[in-house]
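Chemist: Input: one structure, supplied below.
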Amino acid sequence: GAVVSQHPSWVICKSGTSVKIECRSLDFQATTMFWYRQFPKQSLMLMATSNEGSKATYEQGVEKDKFLINHASLTLSTLTVTSAHPEDSSFYICSARDTAEVISRTDTQYFGPGTRLTVL
Amino acid sequence: GQQVMQIPQYQHVQEGEDFTTYCNSSTTLSNIQWYKQRPGGHPVFLIQLVKSGEVKKQKRLTFQFGEAKKNSSLHITATQTTDVGTYFCAGPASGTYKYIFGTGTRLKVLA
Numbered sequence: 004g005a006v007v008s009q010h011p012s013w014v015i016c017k018s019g020t021s022v023k024i025e026c027r028s029l030d031f032q033a034t035t036m037f038w039y040r041q042f043p044k045q046s047l048m049l050m051a052t053s054n055e056g057s058k059a060t061y062e063q064g065v066e067k068d069k070f071l072i073n074h075a076s077l078t079l080s081t082l083t084v085t086s087a088h089p090e091d092s093s094f095y096i097c098s099a100r101d102t103a104e105v106i107s108r109t110d111t112q113y114f115g116p117g118t119r120l121t122v123l
Numbered sequence: 047g048q049q050v051m052q053i054p055q056y057q058h059v060q061e062g063e064d065f066t067t068y069c070n071s072s073t074t075l076s077n078i079q080w081y082k083q084r085p086g087g088h089p090v091f092l093i094q095l096v097k098s099g100e101v102k103k104q105k106r107l108t109f110q111f112g113e114a115k116k117n118s119s120l121h122i123t124a125t126q127t128t129d130v131g132t133y134f135c136a137g138p139a140s141g142t143y144k145y146i147f148g149t150g151t152r153l154k155v156l157a
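If you read the sequences in order, they're chains A and B. Per my numbering, residue 4 is the first one in the first sequence, and the count goes up by one each step. Per my numbering, residue 47 is the first one in the second sequence, and the count goes up by one each step.
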């Protein structure tokens with residue numbers, strides 16, 4: 004159980020285009036999902052917290068107009084990188100908190116497999 | 047802001063040798079989590095420690111949470127090539143459920 008999927012697993016796009024990445028919790032409901040970015044050989048940096056039915060909250064330094072997040076259902080959050088540039092090339096990873104576990108005060112994040120974005 | 051540092055940054059060991067990574071937070075943590083990320087993969091949850099001084103074992107892995115709840119360690123006994131990867135600790139940002147990841151320790155095991 005507790006599987007999170009991401010789609011696509013990798014994407015190559017031209018500079019100036021937009022890319023949408025989907026994060027789905029397959030066998031549990033996730034009121035809260037997180038989006039991270041990881042550059043090569045670096046740690047995971049939290050970009051934003053995605054909350055079902057409300058606006059996402061962004062970490063300091065992350066442009067909300069560039070990284071659009073939509074969490075329209077309890078199992079799906081999307082991250083859209085708008086007007087992508089080569090410096091946006093990175094590994095984007097989502098994670099989800101199981102709503103049932105939150106209620107029981109267990110605090111595990113389940114990570115998706117990640118999406119590798121390359122902007123030419 | 048809150049920082050979570052890990053040492054060492056890299057570690058190369060001979061297969062069969064022990065390995066330890068240390069995690070230090072600038073603030074007191076309500077809990078600490080450990081993750082393993084294989085090369086090219088995504089982080090996989092290993093364990094969560096909650097209590098001051100807590101020690102948990104998973105086969106060859108021993109996790110410890112410091113008495114002051116600001117540091118933690120992961121010790122691997124008799125490393126195997128399957129232990130290769132980057133080990134991250136993560137702690138919640140003060141008063142939130144958002145986790146701050148440590149800088150990571152990359153482990154290479156030489157056969």
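A virtual CB, placed ideally from N, CA and C, is assigned to each residue, including glycine.
1) What ranges does the beta strand (DSSP E) occupy inside the segment 12-94 of chain A, keeping only unbroken runs of at least 3 residues that lie completely in it?
2) Return the CA-CA distance between P85 (chain B) and K97 (chain B), expressed in angstroms with no decimal places.
3) Indicate whether at least one CB of chain A lies closer than 9 Å to the CB of T149 (chain B).
4) Report the neighbours of T52 (chain A) on chain B: residues whose CB is nearer than 8 Å to its CB, in chain order.
5) Looking only at C-alpha atoms, which of A:S18, A:T121, A:Y95, A:G64 sits nearest to S86 (chain A)?
6) Give the residues from the segment 111-123 of chain A that approach chain B closer than 8 Å (Cβ to any Cβ), ordered along the chain.
7) With DSSP run on the structure shown, which of helix, strand or coil describes A99 (chain A)?
8) So which of B:Y68, B:K154, B:Q52 has the shortest CA-CA distance to S46 (chain A)?
9) So which residues of chain B does L49 (chain A) contact, with C-beta pairs closer than 9 Å?
10) Inspect the CB distances between the segment 62-71 of chain B and the segment 136-155 of chain B and report whether three or more fall short of 8 Å.
11) Under 9 Å, Cβ to Cβ, is there at least one residue of chain A near P89 (chain B)?
12) Whole-angstrom Cβ separation of R27 (chain A) and L77 (chain A), contact assumed at under 8 Å?
13) Name the one or two DSSP bridge partners that L107 (chain B) has.
14) Decide if P43 (chain A) is buried, meaning its Cβ has at least 16 other Cβ atoms within 10 Å, or exposed.
15) Under three-state DSSP, which class holds E149 (chain B)?
16) Going by DSSP, name the residue or residues bridged to Q52 (chain B).
17) Please determine, among A:T34, A:M50, A:F114, A:E55, the residue with the shortest C-alpha to C-alpha distance to N73 (chain A).
18) Can you give the Cα-Cα distance for D101 (chain A) and Y95 (chain A), rounded to whole angstroms?
19) Between the alpha carbons of R106 (chain B) and T125 (chain B), how many angstroms are there, rounded?
20) What are the residues of the segment 83-101 of chain A that lie near chain B, defined by any Cβ-Cβ distance shorter than 9 Å?
21) Starting from the C-beta of A59 (chain A), find all residues in its chain whose C-beta is less than 6 Å away, skip the five residues before and the five after it, and write them out in chain order.
22) Identify every residue that forms a DSSP beta bridge with Y143 (chain B).
23) Just verifying my parser: in three-state terms, what is the DSSP assignment at T74 (chain B)?
Modeler: By the coordinates alone:
1) 13-16, 22-28, 35-41, 48-54, 70-76, 79-84
2) Residue numbering aside, residue 85 (chain B) sits at position 39 when the second sequence is read from its first letter. Residue numbering aside, residue 97 (chain B) sits at position 51 when the second sequence is read from its first letter. Distance between the alpha carbons of P85 (chain B) and K97 (chain B): 31 Å.
3) Here residue 149 (chain B) refers to the residue found at position 103 when the second sequence is read from its first residue. Yes, its Cβ sits closer than 9 Å to a Cβ of chain A.
4) Position 49 of the first sequence, counted from the first residue, corresponds to residue 52 (chain A). Neighbours of T52 (chain A) on chain B, chain order: K144.
5) By one-based count along the first sequence, residue 86 (chain A) stands at place 83. Nearest option by C-alpha distance: A:S18.
6) T111, Q112, Y113, F114, G115, P116, G117
7) Sequence index remark: in the first sequence, residue 99 (chain A) carries index 96 (1-based). Note: A99 (chain A) maps to strand in three-state DSSP.
8) Within the first sequence, numbered from 1, the residue matching residue 46 (chain A) stands at position 43. Taking only the C-alpha atoms, the option nearest S46 (chain A) is B:Q52.
9) Within the first sequence, residue 49 (chain A) is the residue found at index 46, counting from 1. Per Cβ cutoff of 9 Å: A139, K144, Y145, I146, F147.
10) yes
11) As a working mapping, residue 89 (chain B) is identified with position 43 in the second sequence. Chain A, which has a Cβ nearer than 9 Å to the Cβ of P89 (chain B), makes this yes.
12) Within the first sequence, the letter at position 24 stands for residue 27 (chain A). Within the first sequence, the letter at position 74 stands for residue 77 (chain A). No, R27 (chain A) and L77 (chain A) are not in contact; Cβ-Cβ is about 10 Å, not under 8 Å.
13) Translated into positions along the second sequence, residue 107 (chain B) becomes position 61. According to DSSP, which records beta bridges pairwise, L107 (chain B) is partnered with B:Q104, B:I122.
14) Your numbering for residue 43 (chain A) matches position 40 in the first sequence. So P43 (chain A) ends up on the exposed side.
15) Along the second sequence, one-based indexing puts residue 149 (chain B) at 103. The displayed chain sequence assigns Thr, not Glu, to residue 149 (chain B). Of the three classes helix, strand and coil, the one that applies to T149 (chain B) here is coil, per DSSP.
16) By one-based count along the second sequence, residue 52 (chain B) stands at place 6. Its beta-bridge partners are B:C69.
17) Here residue 73 (chain A) is taken as the residue at index 70 of the first sequence, counted from 1. That would be A:E55, whose Cα lies nearest to the Cα of N73 (chain A).
18) For this step, residue 101 (chain A) is matched to residue 98 along the first sequence. For this step, residue 95 (chain A) is matched to residue 92 along the first sequence. The alpha-carbon atoms of D101 (chain A) and Y95 (chain A) are separated by roughly 20 Å.
19) Along the second sequence, read from residue 1 onward, the residue named residue 106 (chain B) stands at position 60. Along the second sequence, read from residue 1 onward, the residue named residue 125 (chain B) stands at position 79. The alpha-carbon atoms of R106 (chain B) and T125 (chain B) are separated by roughly 8 Å.
20) F94, I96, S98, R100
21) Residue 59 (chain A) sits at position 56 when you count from the first residue of the first sequence. Closer than 6 Å at Cβ, skipping near neighbours: A51, S53, I72.
22) Your numbering for residue 143 (chain B) matches position 97 in the second sequence. None, per the DSSP bridge assignment.
23) As a working mapping, residue 74 (chain B) is identified with position 28 in the second sequence. It is coil, neither helix nor strand.
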